[in-house]
Amino acid sequence: MKKSVLISVLILLQITYLFSGNTGKIAGKVTDGQSNELLLGVNIFIKDSRFGAASDVNGNYYILQIPPGKYDLEVDYIGYSKVTVKDVKVQSDLTTIIDFSLKPEALQYGEVIVIAEKKLVQHDVTSTRQTKSREELLEAPGIENSMDMFRLNGGAVLGVAPEPVMLGNGQRLHVRDESLQDIHIRGGRGGEVLYMVDGAPVTHPLYGGRSVVDLNVNEVDEIELLTGGFNAEYGQAQSGVVNITTRSGKKYFEGGVEYKSDKNIPYSSSYNMDYMVWHFAGPLKIKKIIPGELSFFLSGNGTITDTDHENNRERNTLSFMGFDIEERQDNTQSYSGKLDWFSPNYGHHLALSIHESKHDWSRFDWLWKDFPDNTVNYSRVNKHNSLRYTRTLSKSTFFNLNFSYLDVKYEESLLGSNPGDFWIFYKDSTYADELSYNDWMTTYPGIQPYAIESTIQPPRIDDNTGFFDNDGLESIWRNDRTKSYSFRGDFLSQITNRHQIKTGIEMQSHDLSYIDIQDGGVSLSNYGMWYYGVSSFADSTVKPPGPFPELGQNRWVFNVTPTVGGVYLQDKYERESLIINAGVRLDWFSLGDEIFEQSYQKQWTEATGLTPDWKQINFKFSPRFGISFPISEWTVIFFSYGHFTQLPELQYVYRDPYSGGFTGNPGLDYEETVLYEFGFTNQFSKNWAIDVKSYTKDVSNQVGTTQLRSAAGLPVALYDNNGYSRARGLEFKLMKKQDRFSSGNIIYTIQWANGYSSSAFSDYIRSLSNFPNPIRERRLSWDVRHQVILQGSFGIPANSNLSFFGIPLPSNWNTTVLANFSSGYPYTPGSTNLIDLQIKENTSSGPVSFNADLKFSKQFQLGKVRCAFIVDVFNIFSVYNVNLGYGFNTWTGEPFQYGDNIGSKNEMYSWQEMYTFLDPRQFSQPRYIKAGLKIDF
Amino acid sequence: MKHIIIILIIVLMSLYSCEDGLQPSQHPGIIKVYLSSDPGDTTITILGDTLRTDEKSYFRLNVFESKAYIDSFYANLVVQPEDRIDGGNTYNMLEKRDSLSTYTQHKIYECYAPVGDYSLLQIGMTPSKVQIGGYLIPVGLSEGMSPIQDIPIDFYVSEFDTTEIELQIKPFKSIVREKDEFVFSRDIEIIRIENIAEDK
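Listed in order, the protein sequences are those of chains A and B.
Okay, so the first sequence: first residue is 1 according to the working numbering, each after it adds one.
Okay, so the second sequence: first residue is 938 according to the working numbering, each after it adds one.
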């Protein structure tokens, strides 16, 4: 009964109320400036746009659905002077209050033009949010990709290095696409962030909350980062939401191109980097064919670089933005296109956007420095297409429908070789005919060869050098393809002046094809050993799924079609002295049919000894609540509370049970964070404000592993919801409003992040040393206690005619400094005592880090073309910041150096041993400068 | 603008002053240790016969396991820079250089070593046989004597540079009869310590 009611509700919601989109609201009151009487029927409209409203009987007005940006707001009323408020800033999901006090024409002659006050206190914020416009982002040094915005915000800690998960054969397991960097927000694990582009989710279907769409800042209008108690409309995230609004074409043509390079710049390293970004946008005037307004936005960007640690591999030719060039170590390029159509009465809006990006790269690996061509290379192609339809039903009600398709193709191989390419088959003892894998399997299917041998050796450390030798090659083969079809519908209605209801539904249907064969070029699978007659074990007759089932001991392959969805309902209640955001959300997850096949369940039981009593559909309910009290015009306090649930990375659910080792658990539950947050903002002078936030988070059901033995005796690490953690912290922010010459802010964060384990693989890593599972919390690997971020901009605008001691200063330039100081990452101090290592896990702190970047731009005009000369300087002071992930000596608490002792012995490491430890990545890059030119028209 | 610039400078300087000053490791220098015999020590008297070295004479000395100390911490020395461990080598301390009358100088160690002030060399030395004037004399160490010899010596290894140390033994004066056997007393003299800057 309950189920049928729920399904009915879902269907009703699906049919009736749907939407999405990142828009904000302008609201206020219109009064007579002389008598203070409320004015009815005053028209308020946004200049050069379709947006407008009329004041009601109480003088109130509101305008919904305004895309983020800056606008001029106009009021024209008979008998009163016209008023224009310029530069009114609108932010997603927030209300900008603009009150009008109209002067009768008899008292005021002509139009009144005022500049909107840039408020540092936003009254209707009930949780922590940071919003940055494209212009603000581009002011900061080195901000090119939308993900760079984390550098501007406190409480975000970047992961230091890929997880050191070693397989039995000594190779490191590449847990996921390692170009997706972990970002830890407020003490959360990496991969707990929901990334949305124009209302459509773009998180990686396999690897949880990690973004796969590489959007350049040039392509976005605004990026909103929510790190506190976000509303019920956002699901599948525990730590934060990144909400990106992309650019659309305007009523006029515009375009631009920017090029930057690091070559031939004094006082700087050079990494052979070229960066280019361009865009072209404008109206499409084909009203005779398509009525209404049509606009387009096209853009492209690319970066090619040998990175700060060149691996010196052989390079091939690459097609880059239409040119054939020699590839570099890291090559990214992406293209975007967007079409916007508004019906003649603006009641309908369609937005079609297409985004495609390609990333080809190879990694720097210190131990492979002599033979980099023996390592695998990587490629990822993302395609994200979306179609959004917005229907305005009335001035207070609209809905959006968003259909999107996300295709992620990830490959990892030795120059395109698959496991079969490394094997030779011999039919008889003459060894006369050498047959490839494909030839053998097609010519002699089911027949045992006389002999089979691999043409390569597994990676092997040379005893003399300590580095990998030339005989071994990596034969990892990853060939993932994930397709996600998403639908999201949101319905919003301002049902009264005080209540804004929003409800919606989202569904994602995934088609996940995951192929991960780590050693297919050098070892046979158990099944392969039986199939080719190398072994006669009966249990080896079980054929693992996927291609090349005979090859690879460490292999995981699955092809599944889960469905993920959610519905929500939220209300925003707004009064002058009280704002409440309250909502509820219901998420569900359907596992798909594939894992319910009898053969799969039988194998899972064989591997784990457990009963596969998984539910077909899992549900999770999460309440959210936020309340804000604007104590005065310049002071506001807020409190928020919420439950935030997220599915574990789907690789943990589906890794197949056929090969032992890491085994997926379809019975995994949602991870859940309960967050409490308190905030206080006070603008204490015209230009300055202080913002204080405190938070506490309790996270449960985090994924770890339980060590088991399969029926065949193979060790199995079964993913399990056995982890938990908690984080608490304080954030202080001092803000200086943008005036004519300067702006800035300083953020100080202090946090404590403790928990059971720092990753889903920690239990496995412990098990390798026979460590018991921990019984108390310890510092998590990203528990950086103190962090200070300083951003300051100063410059002289055009035509300023300023002088310094009588010397005229140049105008039309701007400089921004972005500095970051943080205390050290935790690490486990060295010990030869295993118990000590367990007890002292993450009890020491690494060296502090300090980095300061600078951006300088000088604008000039060439006719109608705006030009700018740009310089980005990274690490101005060339400080050596330590990276604990590489070449860090846990015995000394410092990076390895010649003269260090071997553990607690009096003996120093030999130079050969030490040389292998001196991974150049142990320090951050020294001073690095990019310079270029930007042209806009 | 004044405020923001002042705050910016103060905060930047404050943060910069917190920087811990860690630097990448200094590159190692090279220690070369030479061992030769005193050219003035060419005769030994056995049973009243004074024997002089000739082309057939030899004094086999096995050299192994050397350490250079900075305070109580030590670096192992190896024979060639590319060696990972010191397997030990046997040298003929009576070998003549280019048919001249002077003894050959043996490079017993050449290896990279961390930068620093060293105060002690330890060298393992065990003699085996001396052949001279038709006598083949087994030579050993005194009973209870450690094969590892401490050589107090102050030298400095600087980045990229080579520190050469020349040691000398007296092949015959240090062989003495003790009961029924000859023992090697290992009188080692430091002849030269030289720091040679890298040829840039």
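C-beta: ideal position from N, C-alpha, C; glycine also.
Can you pull the chain B residues whose beta carbon is under 8 Å from the beta carbon of residue i, in chain order?
| i | result |
| --- | --- |
| P847/A | D957 and L959 |
| N464/A | E1019 and R1021 |
Kindly list, in the order they appear in chain A, the residues whose Cβ is closer than 9 Å to that of residue i.
| i | result |
| --- | --- |
| N1026/B | Simply none; closest approach about 18 Å. |
| Y953/B | A819, F821, F850, A852, F877 and V879 |
Assign residue i to one of two classes, buried (16 or more other C-beta atoms within 10 Å of its C-beta) or exposed (fewer than that).
| i | result |
| --- | --- |
| R460/A | exposed |
| C955/B | exposed |
| K855/A | buried |
| M321/A | exposed |
| P715/A | exposed |
| T1034/B | Correcting the residue type first, residue 1034/B is Arg in the shown sequence and not Thr. Answer is exposed; the Cβ neighbour count stays below 16. |
| M1/A | The predicted model places M1/A with a pLDDT of 43, which falls under 50 and marks its position as unreliable, so this point remains unresolved. |
| P779/A | Note on identity: in this sequence residue 779/A is Arg, with Pro being the wrong assignment. It is buried - the Cβ of R779/A has at least 16 other Cβ atoms within 10 Å. |
| H184/A | buried |
| A1144/B | Nothing about residue 1144/B can be read from this structure; chain B reaches only from 938 to 1137. |
| S951/A | Since the first and last residues shown for chain A are 1 and 937, residue 951/A lies out of range. |
| N801/A | exposed |
| K934/A | buried |
| Q91/A | buried |
| L120/A | buried |
| Q1017/B | exposed |
| M914/A | buried |
| N1149/B | This structure cannot settle anything about residue 1149/B, because the visible part of chain B is limited to 938 through 1137. |
Based on Cα-Cα distance, which residue from the options lies nearest to residue i?
| i | options | result |
| --- | --- | --- |
| E576/A | V125/A, Q598/A and G504/A | V125/A |
| P201/A | D330/A, G887/A, D407/A and V42/A | D407/A |
| T561/A | Q570/A, M507/A and S239/A | M507/A |
| F1109/B | D1124/B, R1021/B, E1096/B and E1101/B | D1124/B |
| L884/A | P847/A, Y915/A and W911/A | P847/A |
| H355/A | T332/A, G932/A, K395/A and V213/A | V213/A |
| L668/A | Y527/A, G704/A, F680/A and D698/A | G704/A |
| F403/A | H348/A, S509/A, P544/A and L862/A | S509/A |
| S306/A | G566/A, D919/A, Q329/A and D182/A | Note on residue identity: the sequence assigns Asp, not Ser, to residue 306/A. When each option's Cα is compared against that of D306/A, the closest is Q329/A. |
| E293/A | S793/A, R50/A, F771/A and T673/A | R50/A |
| G966/B | A1005/B, L984/B and P976/B | A1005/B |
| Q122/A | I115/A, T131/A and G347/A | T131/A |
| F619/A | F487/A, V241/A and E672/A | E672/A |
| L675/A | N60/A, A237/A, V114/A and K25/A | A237/A |
List the residues of chain A whose Cβ lies closer than 7 Å to the Cβ of residue i, in chain order.
| i | result |
| --- | --- |
| F1092/B | Ordered by position in chain A, no residue passes the 7 Å Cβ test against F1092/B, which lies about 15 Å from the chain. |
| I1010/B | Reading the sequence as shown, one finds Phe at residue 1010/B and not Ile. Going along chain A in sequence order, the residues near F1010/B (Cβ under 7 Å) are N901, N906 and M908. |
My guess is that residue i and residue j are in contact by the Cβ rule of under 8 Å, so how many angstroms apart are they, rounded?
| i | j | result |
| --- | --- | --- |
| Y71/A | I46/A | 5 Å |
| G504/A | E233/A | 6 Å |
| F941/A | Y514/A | What the structure shows of chain A is the stretch from 1 to 937, and residue 941/A is not part of that stretch, so it cannot be assessed. |
| V882/A | L959/B | 6 Å |
| Q553/A | L591/A | Between L591/A and Q553/A the Cβ distance is about 27 Å, and since that is not below 8 Å, they are no contact. |
Note down, in chain order, every chain B residue with its Cβ under 9 Å from the Cβ of residue i.
| i | result |
| --- | --- |
| W911/A | P965, A1012, P1018, C1048, Y1049, A1050 and P1051 |
| V882/A | D957 and L959 |
| L918/A | P961 and S962 |
Identify the contact partners of residue i in chain B, using a Cβ-Cβ distance below 7 Å as the criterion.
| i | result |
| --- | --- |
| F923/A | P961 |
| E894/A | L959 |
Which chain A residues are close to residue i, counting only those with a beta carbon under 8 Å from its beta carbon?
| i | result |
| --- | --- |
| V1076/B | Result: empty, since nearest Cβ-Cβ is about 31 Å, beyond 8 Å. |
| L1058/B | Result: empty, since nearest Cβ-Cβ is about 14 Å, beyond 8 Å. |
| V948/B | I746, V788, L790 and A819 |
Scan the region 375–419 of chain A and note each continuous beta strand (DSSP E) run of 3 residues or more that stays entirely inside, going in chain order. Those beta strand (DSSP E) runs which fall completely within the region 375–419 of chain A and span 3+ residues are 377–394 and 397–413.
Between the region 1039–1054 of chain B and chain D, which residues of the former have a C-beta closer than 9 Å to a C-beta of the latter? Among the chains of the structure shown, chain D does not appear; the protein chains present are A and B.
Considering only residues of the region 505–576 of chain A, which uninterrupted alpha helix (DSSP H) runs meet the minimum length of 4 residues and lie entirely inside it, listed in chain order? 526–531
Which ranges does the alpha helix (DSSP H) cover as unbroken runs of at least 4 residues, wholly within the region 818–886 of chain A, from first to last along the chain? 834–839
Along the chain, which unbroken stretches of the alpha helix (DSSP H) at least 4 residues long are found entirely within the region 427–500 of chain A? List check, alpha helix (DSSP H) in window: 437–443.
What residue ranges within the region 969–1031 of chain B form continuous beta strand (DSSP E) runs of no fewer than 3 residues, ordered along the chain? Counting whole runs of 3 or more residues, the region 969–1031 of chain B contains the beta strand (DSSP E) stretches 980–983, 986–989, 995–1007, 1010–1014 and 1026–1029.
My parser needs the beta strand (DSSP E) runs of 3 or more residues fully inside the region 271–344 of chain A; what are they? Qualifying beta strand (DSSP E) stretches, in chain order: 274–283, 293–305, 317–320, 323–326 and 330–342.
Could you name each continuous beta strand (DSSP E) segment of 3 residues or more that falls completely within the region 66–141 of chain A, going from the start of the chain to the end? 69–76, 83–90, 95–97, 100–102, 112–115 and 129–133
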